[in-house]
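Beneath this line is the structure, given in structure tokens, with notes to follow.
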Amino acid sequence: MATDQLVRTWRDPRHWDFGAPTSISSLVAVNHLAFRLTDTWQDWLIDRPVQIAIYIVVALVVRYLLHRAIDQVTRRQTGEGSSSRLMRWWEKKSAERGSAEQVTDPNGNGRRGELHNEEGSGLTAAILKKYGRKRTPEEVRAEQQRDERRAQRMTTIGSVLKSLVSFLVLIWVILQTLGILGLNVAPFIASAGIIGVALGFGAQALVRDFLSGLFMLFENQYGVGDWVDLGEASGTVENVGLRVTSVRDLHGTIWYCRNGEIMRVGNYSQDFGVAFLEFPVSYGADVDLACKLALETAQKAAAEEPIKSNLLAAPELQGVNDLDADSWTLRMTVVTRANMQWATERELRRRIRIAFDEAGISAPYPSGLPVTPLQGLVPQQTP
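Number 475 in our numbering belongs to position 296 of the sequence shown; there are no gaps in the numbering.
This is the structure in structure tokens:
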């Protein structure tokens, strides 16, 4: 009742009695309460939402800028290498003057003369010296594989970095929002730590897979197109992810290998390869003639396609490597470009085998292994 009377008195000025001390004190109390309520509602409806909105806008701007920077770095790294850019520039210059084969100068010096004279640059001559020839299909394929490998590696790393940036920005916004709302963030941080430890114990295999995949990407252990031996599976890498690496073997079977379970990696496609050849020869053959013929045949093959474009060094004859009971083994090695060692081995084996047959150098058992009946296994005939 007293409150209702006070409200009616406050609403109707005719009942105001400024001479009564009780009425004045009541008016002051109500006025103070009204100001406090006004400040509180302004704080919750305007000030704090505005602060939270400012933090969200700042977080979105920071996230956008960081994502854009990561995308720019990723695009720059996934673009063609410097040699490819130089080759593309040269092809563009050649296209402006016609086909590359039709670029000649009055003296007949070919495309090197015209481009060098027009550009007047030693860089142009250097480019043409290195790239002024038709690239083989193997070189184009190898360059495409390198580009694909670099693109997938940088795309995966960029995706991981962008996810990490988004997660950190989200955590920062949540902590700032809790602080603005007047909540103590210490219990939330402690709870998050406990949840993280629980997830770490419950998903150890998943965490190990992701960490192994992350380190594998940063260390560039293998990439798309590489021929690798992962222990349980070997073949061509088709996809590289943070959790799983997919490998397709010679039979066409695709194997999905968890990165955390890969204990060792043998990569046959990095830097260079070595063609390893061994030829068993019978003791009746001339050793010196066989060695000379094998080396001459390999050197002749190295000067011709398709082997010429695959080699990084001349064939090396290591001589007689092994002596068996009925034959001796001739060994030869050739350093090749990555992934080209097997094709080189097949072609050299074919040519050297033909050369041996023409020279009369026979294998240990040209007619197959002799088979003799063992005593006791063949039934004895009785009269």
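A virtual CB, placed ideally from N, CA and C, is assigned to each residue, including glycine. Since we're looking at a predicted model, the values are computed, not measured.
I'd like to confirm the pairing. Which residues does DSSP put opposite residue i in its beta bridges?
i	result
Arg227	According to DSSP, Arg227 bridges with nothing at all.
Asp408	Ser413, Gly445
Leu457	Before going on, a small fix: residue 457 reads as Glu here, not Leu. Answer by DSSP bridge pairing, in chain order: Arg510.
Leu490	Thr515
Phe451	Arg516
Asn418	Ser425
Cys436	Thr424
Gly498	Arg510
Just the C-alpha distance for residue i and residue j, rounded to the nearest angstrom, thanks.
i	j	result
Val459	Met511	It is worth fixing the name first, because residue 459 is Pro in this sequence and not Val. Answer to the nearest angstrom: the Cα atoms are 12 Å apart.
Arg530	Ala464	18 Å
Glu483	Asn489	10 Å
Gly337	Ala517	27 Å
Ile231	Ile359	7 Å
Asp250	Arg329	14 Å
Val348	His246	12 Å
Pro494	Leu393	39 Å
Gln497	Leu509	8 Å
Ala238	Leu357	15 Å
Asp326	Thr253	13 Å
Gly431	Val407	15 Å
Pro485	Trp521	13 Å
Val453	Val444	18 Å
Asn418	Thr334	12 Å
Leu468	Asp503	19 Å
Ser541	Phe455	21 Å
Val240	Val364	24 Å
Val368	Ala382	One point to set straight first is that residue 368 is Ile, not Val, in the sequence displayed. So the alpha carbons of these two residues sit roughly 21 Å apart.
Arg399	Gly420	Residue identity differs from the one stated: residue 399 is Asn in this sequence, not Arg. Rounded to whole angstroms, Asn399 to Gly420 spans 12 Å at the Cα level.
Val376	Thr424	27 Å
Leu378	Ser370	12 Å
Gly621	Met519	Past the edges of the chain, shown from 180 to 562, lies residue 621, and the structure says nothing about it.
Ile373	Pro366	11 Å
Ile350	Leu244	17 Å
Would you mind working out which of the options sits nearest residue i, comparing C-alpha positions?
i	options	result
Asp450	Tyr401, Leu239, Leu360, Asp501	Tyr401
Lys487	Asp501, Arg528, Thr523, Thr432	Thr523
Arg120	Ala477, Gly539, Pro366	Limits of the chain in this structure are 180 at one end and 562 at the other, which puts residue 120 out of reach.
Gly404	Ser448, Phe367, Asp226, Ile373	Ser448
Asn446	Val416, Leu502, Ile533	Val416
Glu526	Leu409, Ala480, Arg332, Ile368	Ala480
Arg255	Val453, Ser541, Gln331, Ala473	Gln331
Tyr234	Asp503, Leu354, Val419	Leu354
Leu472	Trp507, Val240, Phe535, Gly420	Phe535
Val352	Val236, Leu474, Leu224	Val236
Pro228	Gly539, Glu322, Gly361	Gly361
Leu474	Ile374, Ala377, Gly539, Arg532	Arg532
Can you name, in chain order, every residue of its own chain whose Cβ lies under 8 Å from the Cβ of residue i, other than the five neighbours on each side?
i	result
Ala492	Val513, Val514
Asp505	Ser461, Tyr462, Pro543, Tyr544
Trp507	Pro459, Val460, Tyr462, Val466, Val499, Asp501
Phe380	none
Which residues in the same chain as residue i place their Cβ atom closer than 7 Å to its Cβ, once the five residues preceding and following it in sequence are excluded?
i	result
Gly439	Ala384, Arg387, Asp388, Ser391
Leu340	Ile249
Cys470	Leu496, Gly498, Leu509
Which whole-angstrom value is the C-beta distance of residue i and residue j, which I expect to be below 8 Å?
i	j	result
Arg427	Arg437	About 17 Å separates the two Cβ atoms, so there is no contact after all.
Gly414	Leu429	7 Å
Ser342	Arg242	Not quite, the Cβ-Cβ distance comes to about 11 Å (not below 8 Å), so this is no contact.
Asn500	Glu537	With 8 Å as the limit, Asn500 and Glu537 do not qualify as a contact, their Cβ atoms being about 23 Å apart.
Which same chain residues, not among the five before or five after residue i, have their C-beta less than 6 Å away from its C-beta?
i	result
Ile441	Leu409
Trp434	Ala412, Val426
Ile225	none
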